[in-house]
Structures are given as C-alpha cells and as structure tokens.
Amino acid sequence: MLERHELEAFLTLAEELHFGRTAERLRVSTARISQTIAKLERRVGVPLFHRTSRRVELTPLGRRLHEQTRPAWHQITSAFEQAVAEGRGVIGTLRVAFVGAAGGQLLVGAAELLRRSEPGCDVQLREAQMVDLMPWLRAGEVDVALGTFPVEEPGIVTGPVLVSEARLLAVPSGHPFARRESVCLEDLAGVPLLQLPGTLPDSLREDRTPRTTPSGRMIEPGPAAATFNEMLTLIGAGHGAFPVGAQARRYYARPDVAYVPFSDAPPLEWGLLWRADNSTARVRAFVRAAGDRLRGPR
1 MLERHELEAF
11 LTLAEELHFG
21 RTAERLRVST
31 ARISQTIAKL
41 ERRVGVPLFH
51 RTSRRVELTP
61 LGRRLHEQTR
71 PAWHQITSAF
81 EQAVAEGRGV
91 IGTLRVAFVG
101 AAGGQLLVGA
111 AELLRRSEPG
121 CDVQLREAQM
131 VDLMPWLRAG
141 EVDVALGTFP
151 VEEPGIVTGP
161 VLVSEARLLA
171 VPSGHPFARR
181 ESVCLEDLAG
191 VPLLQLPGTL
201 PDSLREDRTP
211 RTTPSGRMIE
221 PGPAAATFNE
231 MLTLIGAGHG
241 AFPVGAQARR
251 YYARPDVAYV
261 PFSDAPPLEW
271 GLLWRADNST
281 ARVRAFVRAA
291 GDRLRGPR
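Below, the structure is given as structure tokens:
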C-alpha cells in the first residue's frame with residue numbers, strides 16, 4: 001500500500017520536477033523528499049524519475065503512474081477539503097442560478113439574509129437561460145438553481161416549494177384565445193404548444209408541454225425555444241402558445257403576446273435544486289435562508 005506522504009511527494013515532484021521546490025511546497029527537507037522517492041522506486045522496481053545535475057524528468061513508467069494516480073488524488077483531497085469546510089461552518093462562495101427577472105428578484109432577499117447571518121459566505125447570483133440551467137448545475141458551474149417544478153432527476157435534490165403562482169397561457173395577441181377571460185386545459189388541443197429545450201428534465205417538460213389534454217385529445221407540438229425571450233418571440237410571431245406563470249404578465253409585457261388565465265390548471269411552483277453530492281453547509285444554509293425569506297402565502 002502507498003503511504004499518503006509517498007504519493008504526495010511523487011505527485012508534487014512530478015509537477016515541480018525540482019527536489020528543492022517540492023520540499024518547499026510540502027514543508028519538509030530536500031533529503032526527506034529524495035529518501036521518499038528512492039524508497040518508492042525500490043518498491044516499484046524501476047526508476048520513476050531521471051535525475052541529472054541540471055534537471056529532473058519523469059521516466060515513461062513514472063509518467064503513466066502520474067497520469068493514473070493524479071485524478072484520484074485530486075478527488076480524494078477535494079472531498080476532504082469539502083468535509084473540512086462543512087465541519088468549520090458556512091464559508092466560501094455559493095453560486096446560485098436563476099432564470100428570468102422574477103427569479104433573480106426572488107433570490108436577492110435570500111442572498112442578503114444569508115450574508116447577514118453568515119458573514120463568511122458570499123453569494124453570487126447568475127442568470128441562466130432555460131437551456132443552460134441543468135447543464136450548469138450538473139457540471140458544477142453553479143451550486144444551487146431556482147427552477148420550476150416538478151423536477152425528477154437522478155442525483156438532483158429538490159427543496160420545498162417556495163412560491164406558487166397562477167398558470168397562464170401565453171398566446172399571440174391576435175389569437176382568438178387572447179379575447180377570452182380564461183382558457184381551460186382542453187383548449188390546448190386547439191393551438192400548437194411550444195416546447196421546452198431538451199436539456200430540461202422530462203418531468204418538467206411533461207408538466208408544461210403535455211402531449212394530450214386531460215380527456216386524451218392530441219396537442220400539436222410547436223417549435224422548441226432555448227430561452228424565454230425566444231419563446232415569447234415565437235409566440236408573438238404566431239408559432240404557438242406556452243403555459244407560463246403569472247409573473248410573466250408583469251415582467252414580460254409585450255404588444256404581440258397576450259396572457260390568458262387557466263380556469264382549471266394547477267399553480268406553477270418554484271423551488272431550489274442542487275446536486276445530491278453537493279449538499280454542503282453553504283447549500284443547506286441558503287436553502288434555509290430562501291425558505292425563511294420566501295416561503296409562505298403569495
């Protein structure tokens with residue numbers, strides 16, 4: 001079995017290619033590094049480094065060993081550092097994504113509340129487009145995202161519902177539906193329904209853009225849009241309709257789009273999402289702050 005100090009000495013020397021700098025980084029003597037590498041090479045049975053008076057370089061076997069062990073070592077050290085950070089409290093930077101003006105406004109108060117209660121934690125708010133929200137979350141570009149439910153995805157945790165709002169149908173301003181006081185879910189069979197981007201969860205797309213009405217009538221699928229403004233532009237151009245939350249009428253008023261309330265659709269629900277393997281103290285603290293700030297009657 002490799003000892004931790006042996007692997008650390010090997011990986012650091014492979015990066016620095018200099019015994020003195022390696023010793024300085026690891027805060028040990030140069031002789032200690034030399035002894036450790038020599039012992040490691042004896043166990044392997046062949047040299048891992050070529051040494052001359054002027055330079056140090058990896059042997060082919062040393063290079064392969066470095067390439068194979070470095071990712072695992074980084075994963076281990078990252079996991080340990082994360083555990084230490086969680087144990088010490090809520091510190092560092094939390095990156096939070098939202099889609100649209102209303103989402104950003106919802107999160108500003110939660111971010112300020114967390115900053116006041118946890119001065120060591122900085123919250124960075126980032127606007128995402130619909131197409132980018134889940135890829136950002138899965139790739140680790142953001143730690144938390146505010147999105148609409150339902151989201152049923154492996155490895156993704158959903159927090160409690162923070163906001164519920166009435167569901168409206170966005171239609172072209174010249175469409176017959178625009179002159180009505182309300183529409184029902186059966187009316188969706190009479191207009192093409194624009195589609196959410198494929199990067200969003202199937203559970204969400206099935207909720208917002210169903211294939212059939214409650215009675216089983218087919219709903220014609222319209223074109224997909226990558227951003228919300230693109231969606232509204234397609235609607236205004238007469239390419240279809242799309243269910244939205246009531247906040248759209250306030251934040252996205254347009255002369256070419258009308259918002260008609262549903263008489264029988266369930267409310268649109270918003271909440272926080274994060275990766276199950278990233279449930280850090282920072283994430284949990286922000287979820288609590290968002291609940292304290294936003295949950296309740298709307």
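All residue numbers for the sequence shown refer to the UniProt record's numbering, where the first residue is 1 and numbers rise by one. Glycine is no exception: its CB is placed at the ideal position from the N, C-alpha and C atoms. All of these numbers come straight from a predicted model, not from anything done at the bench.
Q.
Need the endpoints of the alpha helix (DSSP H) that ILE37 sits in, please.
A. 30–44
Q) What is the residue span of the alpha helix (DSSP H) that ARG217 lies within? A) Taken as a continuous stretch (DSSP letters only), ARG217 belongs to no alpha helix (DSSP H), as it is neither H nor E.
Q. In three-state terms, what does DSSP make of ARG284?
A. helix
Q | Of the listed residues VAL144, MET130, ALA237, nearest to VAL123 (C-alpha basis) | A | VAL144
Q.
Please report the distance separating the alpha-carbon of ARG298 from that of ALA189.
A. Because the pLDDT of ARG298 is 41, which lies under 50, any placement of that residue in the model is unreliable, and the question is left without a value.
Q: For GLN124, name the three-state secondary structure that DSSP assigns.
A: strand
Q: State buried or exposed for GLY140, treating a residue as buried only when at least 16 other CB atoms are found within 10 Å of its CB.
A: exposed
(Q) Using DSSP's beta-bridge definition, name the partner residues of ALA270. (A) Sequence check: residue 270 is Trp here, not Ala. Answer is THR148, VAL163, bridged to TRP270.
**Q.** Nonlocal neighbours in the same chain, by C-beta distance under 7 angstroms from GLY296, ignoring five residues either side
**A.** In this predicted model, GLY296 has a pLDDT of only 44, less than 50, meaning its place in the structure is not dependable enough to derive any value.
Q. Looking at C-alpha atoms only, which residue of PRO223, VAL56, ALA253, VAL46 is the closest neighbour of GLU16?
A. VAL56
(Q) Quick check on DSSP: helix, strand or coil for HIS50? (A) strand
Q.
Using C-beta distances below 8 angstroms, list every residue in its chain close to SER34, excluding the 5 sequence neighbours before and after it, in chain order.
A. PHE19
Q: Output the distance between the C-alpha atoms of GLY222 and GLY198, rounded to the nearest integer angstrom.
A: 14 angstroms
Q. Which two residues bound the contiguous beta strand (DSSP E) that contains GLN195?
A. 193–195
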